[in-house]
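One rule links them: number in the working numbering = place in the sequence shown (from 1) + 4. Here the structure comes first, spelled out in structure tokens, and everything after it is commentary.
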Amino acid sequence: MPSRGARSSGDRGQLAIEFAGTVPLILLLVAAVWECVLIGYAFSLAGNAADEAARVGAVSGEAACAAAAARHIGAAWTMDPPDCGASGDIYKARVTLNLPILVPGLDIGVPITGEGGSSKEEEED
Numbered sequence: 005m006p007s008r009g010a011r012s013s014g015d016r017g018q019l020a021i022e023f024a025g026t027v028p029l030i031l032l033l034v035a036a037v038w039e040c041v042l043i044g045y046a047f048s049l050a051g052n053a054a055d056e057a058a059r060v061g062a063v064s065g066e067a068a069c070a071a072a073a074a075r076h077i078g079a080a081w082t083m084d085p086p087d088c089g090a091s092g093d094i095y096k097a098r099v100t101l102n103l104p105i106l107v108p109g110l111d112i113g114v115p116i117t118g119e120g121g122s123s124k125e126e127e128e129d
């Protein structure tokens with residue numbers, strides 16, 4: 005009768021095989037979660053840049069709107085030129101970022117759009 009602490013020789017290496025089999029799945033899951041975080045951050049970043057661009061554009065015009073949008077987007081993100089312009093009494097801005105894959109800068113060409121608006125104001129002299 006084997007002692008309590010004795011191991012069966014048929015189970016040697018079982019843990020290593022199971023670990024090697026699950027590591028790729030775990031890494032794939034981590035990459036998928038990270039991609040979801042990047043997508044959420046891109047939506048937040050585009051929305052914030054559009055809001056800030058609309059506020060500046062409502063006072064200073066289209067050129068300032070585009071500059072404000074670019075100022076609120078980091079250099080690692082690829083952004084299409086913002087669409088700024090008045091629509092009645094509202095100044096609107098639309099910022100489009102390209103969806104990154106795993107890191108900002110490596111995009112797959114899928115657009116993420118943020119829109120913002122602000123009431124038009126006249127600059128005081």
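Where is the CB? At the ideal position from N, CA and C, for every residue including glycine.
Asked, Found
"Other residues of its chain near Ser68: CB distance less than 7 Å, five sequence neighbours each side excluded", "Contrary to the premise, residue 68 reads as Ala rather than Ser in this sequence. Result list for Ala68: Val60 and Gly61, in chain order."
"C-alpha distance - Leu32 paired with Glu39, whole-angstrom precision", "11 Å"
"The alpha helix (DSSP H) enclosing Pro28, as first and last residue numbers", "Gln18 to Ser64"
"Check whether Pro86 and Arg98 have beta carbons under 9 Å apart", "yes"
"Extent of the continuous beta strand (DSSP E) to which Glu119 belongs", "Val107 to Ser123"
"Cross-strand partners of Arg98 (DSSP beta bridge)", "Asp87 and Glu119"
"Segment contact flag, the region 72-87 with the region 48-56, C-beta cutoff 8 Å, min 3 pairs", "yes"
"Cβ neighbour criterion (16 or more within 10 Å) applied to Thr100", "buried"
"Sub-9 Å separation of Ile116 and Ala50 beta-carbons", "yes"
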